[in-house]
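One line per chain: the protein sequences are A and B, in this order. In this text, residue positions in the first sequence follow this note's numbering: the first is 147, and each later residue adds one. In this text, residue positions in the second sequence follow this note's numbering: the first is 187, and each later residue adds one.
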Amino acid sequence: MDILSILAESTRSALGPIAAIYALAAVGLNFHFGYTGLLNFGQVGFMLVGAYGVGVSVAVFDLPLLVGFGVGLLCALVLALLLGVPTLRLRADYLAITTIAAAEVLRLVYRAGFAEPVTGGVYGLQNLASGFRTLNPFDGGTRYGVGALAYNGNHLWVLVVTWGLVALMVGLTWMLMHSPWGRVIKGIREDEDAVRSLGKNVFAYKMQALVLGGLIGAMAGCMLAVYQASIQPDQFKPQVTFFLWVILLLGGAGRVFGPVLGAMAFWFLMTFTDGLLKGFGSLGWLPFLSGPDYGAIQLAFVGLLLVVLIVFRPQGIIGDRKEMLINVK
Amino acid sequence: MRTRLVTVLLALITAILVIPGPAATADEQGGESLHGQILNPDDRDQGVEGIGITVFDGEDEIGAGETDSDGMWEVELPGPGTYRVVVDQESVPSEFVVREGIIVDGETEVEVEADDQRPLIIALERPGGSDDGSASPSEEESEDAGAAAGDDEAVAPAADSGGSFGERFVQLTAAGLLFGLVIAVSAIGLSLIFGTTKMINFAHGDMVTFGAMVALVFSTGAAGLGNSLLAIFAGLGVAVLLGGFLENRLSRPVLVIAQWTAIFGGIALATVLGVMGDAVGWSVPLWLAAAVAVLMGAVLGASMERYVWRPLRHRNVALIQMFIVSIGLALVLRHVILVLFGAGRSRYAGYQIQDPVQFGPVAMPPRDLVVMGVAVVVLVGVACLLQFTRIGKAMRAVSDNRDLAESSGIDVDRVTLYVWGLGGGLSALGGVLYGLNQIVEYEMGFRLLLMMFAAVILGGLGTAYGAMVGGLAVGLVAMLSTLWFPSQLMQAWALALMILMLLIRPQGLLGRRERVG
């Protein structure tokens, strides 16, 4: 076991495309939970419709990639409206239940047998990235970077675009939150009734935040489809949402850079524990466990991290503890 | 402090830059490979084991792989290029053939780019193919039913394929009642816990899985693992009981020491039993195993309340934070179950093939009748408990208004402990009943959780009777929707019912109007 190469690999994944995609989706979740106080436990549903917007447009209907992005974002808009209309007038826990159920039902519908002509069923869709790769300014075959921190041209292109989108969305978050709109949004998180008594239409503001965060989540889904060049419905299991929650809480909810920092820290930890477990395994220190168990242990570790974070440091790395004392209203 | 941090970071960055690239690319993350999963066409949650896949570069064999028990395979490649992939037709089970399309005659060419871990889709199908229509309608129907059981864990009756609309309606109503009763038994705990603590327990589904798994272990033979679990839960149970009954009779240090002695005694005993392994193997019939599972589920629920939720409440952790903690606990519980019991799918032995009993138009295996009987008896029992006993009345009082109950002299913490114990036991029982109809696997509880949510919202969050009514309604709607719509959409219809309820009567059927603000 080589601890230095594990560390190097962890750093590589902390800066890599997957971390960027999760950071983007967590920026969306930050809009929901961090600023508006909406308990969205179904962010993966937005990612799913985004990814399938690209997938179905490109693979089934042979449309250009940009149209695919548009379709994905449109689907996310519709999903947000469908979720928001019945639940946003109610207490926060109803939204939590509805979103977690809706995301799982979406996955089941997309993988169902009758949807196979369009979504490819359990096998998903393939060959989605050619349109994106023709725009690639880097050479797909060569490796760029120094030492262990090297990515091949195609991955570097996804990485640059996704981190660029993250930067754009982080900038948007900063600007919105320093505008009158952002102050109303934060006011809703702190005390909904007070905002309502000032004559603001709380429902409309919540809906706008839900749509905006959902669109950013769908964007992350689109980039996931482009990065992998193929999508399967079972990638969009509810645990993706829980990863996003850990990322958000680890970085600091209600902070502009919280999701970015959280995504980097989270993927560093994930790759590090994976490397460590495999290293211990190859040294024979884990006699009771076999290869597939490592993944399960990692997920249990994610759950434990969620519990420990909430109990001992709800504000995450850079958050403000006072902002995290919100409650169900 | 800060300079030290910067130094460490700089050292780390230098180290990473100095490590030569190939060392990292030799790791799993870099490098090229082909991978995929071959699924059973009848039941797409199950893989097909033992299919050989060989990769050639021109005529040279590069590598070979074989699918594991989940149907997963992976072949490492030396570098980018075009490869020929050959599926070993001999190793494909005789009832299936490889679907033509991407793969022609078991062979295909793939182009792999640098650093690409490329998935390759190999699909199996029944001989005869999907497009030549030679499969008889009845066969397709039964395939549909099989797929439904795999995808949505429908409690689909085996005999719903034939018959007129009326017959299918009656048959599905019976199946819906059965499904609804199982949902109701599992969901009462969820609703009561919400009522007493205002918290949604996202880990409830995994408590259901726990019950099903434990019953499976004890009915098929408890060796090291089962005995160890039993010992740990006995220790926890003794500790919780000590806390519940002797809290005011013993001095605090004595109590704490006694509790921790019980817990550590349980763990020590578990270690000893685990080391002894199969030497103390035993097994009991399923009904006894179910009783053990219910007891252990109750201990699980009560100890979660005692050692997680009560301390959190006393720290004044906000409700939203509690939701997130319960999601974290659900993840921990689900994956600990996965590590302990494995990802395999199994059924309770001896209850699968039974001759159906005819009741007029309805045919049901005796197993389902027993499940329905047990569920009805338990539901009536719980209703009596809530309506007529002292502790039941206290539970309803706390559920109604926690502060008022506390100020009128009810020991709210103790009532909450009982509620968690009751909820845990009922969810474990629900797991056993669900497992009798379905396959026992580590994600079954999460799937049921969605139906439970629909049930409790439909009936009214926080009311035990609402969960019963809602469970029955959700079960019936889910089953009857398969009359007109694909069975994969069952859950979607249950959810649609829930959303409809939220639109027109958000407090649920039996809820009170003021609660939802």
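Don't be surprised by glycine CBs; every beta carbon is placed ideally from N, CA and C. Since the structure is predicted, the reported quantities are computational estimates derived from the model, not experimental observations.
{"Asked": "If methionine 676/B and alanine 659/B are in contact, beta carbons under 8 Å, what's the gap, nearest whole angstrom?", "Found": "With 8 Å as the limit, methionine 676/B and alanine 659/B do not qualify as a contact, their Cβ atoms being about 14 Å apart."}
{"Asked": "Beta strand (DSSP E) containing alanine 477/B: first to last residue?", "Found": "No beta strand (DSSP E) holds alanine 477/B; the alpha helix (DSSP H) holding it covers 472-490."}
{"Asked": "Does the beta-carbon distance from glycine 694/B to glycine 652/B come in below 8 Å?", "Found": "yes"}
{"Asked": "For glutamate 629/B and methionine 399/B, what's the separation of their Cα atoms in angstroms?", "Found": "11 Å"}
{"Asked": "Going by DSSP, which residues form a beta bridge with methionine 550/B?", "Found": "Val543/B"}
{"Asked": "Are any of the Cβ atoms in chain B nearer than 8 Å to that of proline 379/A?", "Found": "no"}
{"Asked": "Might you give, ordered along the chain, the residues of its own chain that have their beta carbon closer than 6 Å to the beta carbon of phenylalanine 154/B, omitting 5 neighbours on each side?", "Found": "This structure cannot settle anything about residue 154/B, because the visible part of chain B is limited to 187 through 703."}
{"Asked": "Can you give me the C-alpha to C-alpha distance between alanine 580/B and leucine 515/B, rounded to a whole angstrom?", "Found": "28 Å"}
{"Asked": "Provide the residue(s) that pair with tryptophan 134/B in DSSP beta bridges, ordered along the chain.", "Found": "Because residue 134/B is not part of the residues shown, which for chain B are 187 to 703, the question remains open."}
{"Asked": "Identify the contact partners of glutamine 272/A in chain B, using a Cβ-Cβ distance below 8 Å as the criterion.", "Found": "Pro305 and Ile307"}
{"Asked": "Just to confirm, is the Cβ distance from serine 372/B to serine 667/B under 8 Å?", "Found": "no"}
{"Asked": "Measuring straight from C-alpha to C-alpha, what distance separates aspartate 586/B and phenylalanine 412/A?", "Found": "41 Å"}
{"Asked": "If you follow the beta strand (DSSP E) that glycine 465/A is in, where does it begin and where does it stop?", "Found": "From DSSP, glycine 465/A is part of no beta strand (DSSP E); its letter is neither H nor E."}
{"Asked": "What does a CB cutoff of less than 6 Å around glycine 180/A pick up in its chain, not counting 5 residues either side in sequence?", "Found": "Ala399 and Gly400"}
{"Asked": "Does any CB atom of chain B fall closer than 8 Å to the CB of glutamate 250/A?", "Found": "yes"}
{"Asked": "Could you give the DSSP three-state label for alanine 313/A: helix, strand or coil?", "Found": "helix"}
{"Asked": "Which complete beta strand (DSSP E) runs does the stretch 271-314 of chain A hold, if anything under 3 residues is left out?", "Found": "289-292 and 295-298"}
{"Asked": "Can you give the beta carbon distance from alanine 165/A to methionine 410/A, rounded, assuming they're within the 8 Å contact cut?", "Found": "6 Å"}
{"Asked": "Which residues in the same chain have their Cβ closer than 6 Å to the Cβ of leucine 370/A, if we skip the five residues on either side of it in sequence?", "Found": "Ile167 and Ala197"}
{"Asked": "Determine the burial state of serine 436/A: buried for a count of at least 16 other Cβ atoms within 10 Å of its Cβ, exposed for fewer.", "Found": "exposed"}
{"Asked": "Report the partner residues of isoleucine 377/A according to the DSSP bridge assignment.", "Found": "Leu271/A"}
{"Asked": "I'd like to confirm the pairing. Which residues does DSSP put opposite histidine 221/B in its beta bridges?", "Found": "Glu260/B and Pro305/B"}
{"Asked": "For leucine 310/B, list the residues DSSP reports as bridge partners.", "Found": "Val284/B"}
{"Asked": "Taking the alpha carbon of valine 204/A as the point to measure from, which residue in Ile152/A, Cys368/A and Asn176/A has its own alpha carbon closest?", "Found": "Cys368/A"}
{"Asked": "On the criterion of 16 or more Cβ atoms from any shown chain inside 10 Å, does tryptophan 606/B qualify as buried, or is it exposed?", "Found": "buried"}
{"Asked": "Kindly confirm or deny that the stretch 399-411 of chain B and the stretch 442-455 of chain B touch, where touching means at least three C-beta pairs closer than 8 Å.", "Found": "no"}
{"Asked": "Would the beta-carbon of alanine 166/A be found less than 7 Å away from any heavy atom of the ligand MG?", "Found": "Looking for the ligand MG in the displayed structure turns up nothing, as the structure carries no ligands at all."}
{"Asked": "What's the call for isoleucine 308/B, buried or exposed, on a 16-neighbour Cβ count within 10 Å?", "Found": "buried"}
{"Asked": "Please list the partners that alanine 238/A has in chain B, where partner means a Cβ-to-Cβ separation under 8 Å.", "Found": "Ile506"}
{"Asked": "Who are the Cβ neighbours of valine 224/A in its own chain at under 6 Å, not counting the five residues just before and after it?", "Found": "none"}
{"Asked": "Which residues bound the alpha helix (DSSP H) around glycine 578/B?", "Found": "576-586"}
{"Asked": "In this structure, does DSSP put aspartate 246/B in helix, strand or coil?", "Found": "strand"}
{"Asked": "Between leucine 622/B and valine 557/B, how many whole angstroms is the CB-CB distance? I'm expecting something under 8 Å.", "Found": "6 Å"}
{"Asked": "Should glutamate 295/B be labelled buried (16 or more other beta-carbon atoms within 10 Å of its own) or exposed?", "Found": "exposed"}
{"Asked": "Ignore the nearest five residues each way along the sequence and tell me which others in leucine 644/B's own chain have a CB closer than 7 Å to its CB.", "Found": "Gly656, Ala659, Val660, Leu683, Met684, Met687, Gly694 and Leu695"}
{"Asked": "Starting from the C-beta of glutamate 627/B, find all residues in its chain whose C-beta is less than 6 Å away, skip the five residues before and the five after it, and write them out in chain order.", "Found": "Arg531"}
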